[in-house]
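Here's the structure we're looking at; comments come further down.
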Amino acid sequence: MFIKSNKTNNIENTHKVPANPTYISSDMTITGDIKSDGEVQIDGTITGNIFAETLTVGKSANINGEISAQAVYVHGKVIGEIRAKSVSLAKTAHIQGDILHGNLSIDQGAFLEGHCRRIDVEKKQTDGTLKLLVKGVSKDKTINKIERKPLTENN
2 MFIKSNKTNN
12 IENTHKVPAN
22 PTYISSDMTI
32 TGDIKSDGEV
42 QIDGTITGNI
52 FAETLTVGKS
62 ANINGEISAQ
72 AVYVHGKVIG
82 EIRAKSVSLA
92 KTAHIQGDIL
102 HGNLSIDQGA
112 FLEGHCRRID
122 VEKKQTDGTL
132 KLLVKGVSKD
142 KTINKIERKP
152 LTENN
């Protein structure tokens with residue numbers, strides 16, 4: 002009378018496909034908030050808040066609003082707070098506002114008027130792999146863990 006189906010729910014088994022990067026060109030002006038689960042590059046003018054996974058602010062960009070992302074790369078002008086796990090300011094960056102960051106990189110020549118405050122980023126379990134950035138190339142290095150024993154009177 003009742004038959005148990007062996008079909009699985011295809012929605013649960015599908016992997017989230019990353020969206021194509023969003024690009025806002027230099028001749029574009031947007032008033033309002035921008036939300037994206039992916040990568041956004043802005044070369045135009047934005048008046049509003051931006052929420053994205055990765056944000057690149059181009060040299061010709063002008064942003065007036067708050068930015069919240071996992072990673073932010075700034076080459077242009079931002080007036081407002083930046084909150085991200087990783088923030089990188091290029092030598093052409095012009096920032097007026099506070100930066101709340103996990104990691105911060107500022108190139109010589111970047112303009113920053115505001116406070117920088119480190120925020121705690123959730124710590125992940127590592128597998129002993131350390132990623133190094135050497136002259137723009139990412140390399141993986143493995144760290145051998147040293148087992149430490151407590152000192153006793155016999156040591």
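Residue numbers for the sequence shown follow our numbering, so the first one is 2 and each next one is one higher. Just so you know, even glycine gets a beta-carbon here, dropped at the ideal spot from N, CA and C.
Excluding five sequence neighbours on each side, which residues of the same chain lie with their C-beta closer than 7 Å to the C-beta of G59? For the purposes of this step, residue 59 is taken as the residue at position 58 of the sequence shown. Same-chain partners within the cutoff: Q42, I43, D44, H76, G77.
Between which two residues does the beta strand (DSSP E) containing A85 stretch? Against the sequence shown, residue 85 aligns to sequence position 84. Where A85 is concerned, the enclosing beta strand (DSSP E) stretches over 83-90.
Would DSSP call I12 helix, strand or coil? Along the sequence shown, one-based indexing puts residue 12 at 11. Any reading at I12 needs caution, since the residue's pLDDT is 49, under 50, leaving its predicted position unreliable; the model's value is listed next. I12: helix per DSSP, three-state reduction.
Alpha-carbon to alpha-carbon, I100 and C117: Within the sequence shown, numbered from 1, the residue matching residue 117 stands at position 116. Within the sequence shown, numbered from 1, the residue matching residue 100 stands at position 99. The straight-line gap from Cα to Cα measures roughly 5 Å.
Unbroken beta strand (DSSP E) runs of length 3 or more, entirely within the region 53-85: which are they? Correct list: 63-65, 68-75, 78-80.
Compute the Euclidean distance between the alpha carbons of A62 and I120, then round it to the nearest angstrom. By 1-based counting over the sequence shown, the position of residue 62 is 61. By 1-based counting over the sequence shown, the position of residue 120 is 119. So the alpha carbons of these two residues sit roughly 26 Å apart.
Do you know how far the Cα of T57 is from the Cα of S37? Taking the first residue of the sequence shown as 1, we reach residue 37 at position 36. Taking the first residue of the sequence shown as 1, we reach residue 57 at position 56. Computed Cα separation, rounded: 13 Å.
Using alpha carbons as the reference points, say which of Q71, I64, G49 lies closest to E40. Translated into the one-based positions of the sequence shown, residue 40 becomes position 39. The residue with the shortest Cα to Cα distance from E40 is Q71.
Cβ atoms of G103 and S87: under 8 Å apart, would you say? Here residue 87 corresponds to residue number 86 of the sequence shown, with the count starting at 1. Here residue 103 corresponds to residue number 102 of the sequence shown, with the count starting at 1. Against a cut-off of 8 Å, the Cβ pair of G103 and S87 comes out as a contact.
Output yes or no for whether 8 Å exceeds the beta carbon distance between G110 and Q97. In the sequence shown, residue 110 corresponds to position 109, counting from 1. In the sequence shown, residue 97 corresponds to position 96, counting from 1. Here G110 is not near Q97, since their CB atoms are 8 Å or more apart.
Using only CA atoms, which one of L105, I31, Y24 lies nearest to A91? Counting from 1 along the sequence shown, the entry for residue 91 is found at position 90. Minimum Cα distance to A91 is reached at L105.
Run the CB neighbour count on T46, radius 10 Å, all protein chains shown included, and call it buried at 16 or more, exposed below. The count along the sequence shown starts at 1 and reaches residue 46 at position 45. Residue burial annotation: T46 is buried, with at least 16 other C-beta atoms found within 10 angstroms of its C-beta.
For I83 versus N65, is the C-beta spacing smaller than 8 Å? Walking along the sequence shown from the start, residue 83 turns up at place 82. Walking along the sequence shown from the start, residue 65 turns up at place 64. The answer is no: Cβ separation not under 8 Å.
Closer than 7 Å by C-beta to S26: which residues in its own chain qualify, once you throw out the five before and the five after it? Chain order, please. By one-based count along the sequence shown, residue 26 stands at place 25. Hits under 7 Å: D44, G45.
What would DSSP say about H95, mapped onto helix, strand or coil? Counted from its first residue, the sequence shown places residue 95 at position 94. DSSP places H95 within a strand segment (E or B) once states are collapsed to three.
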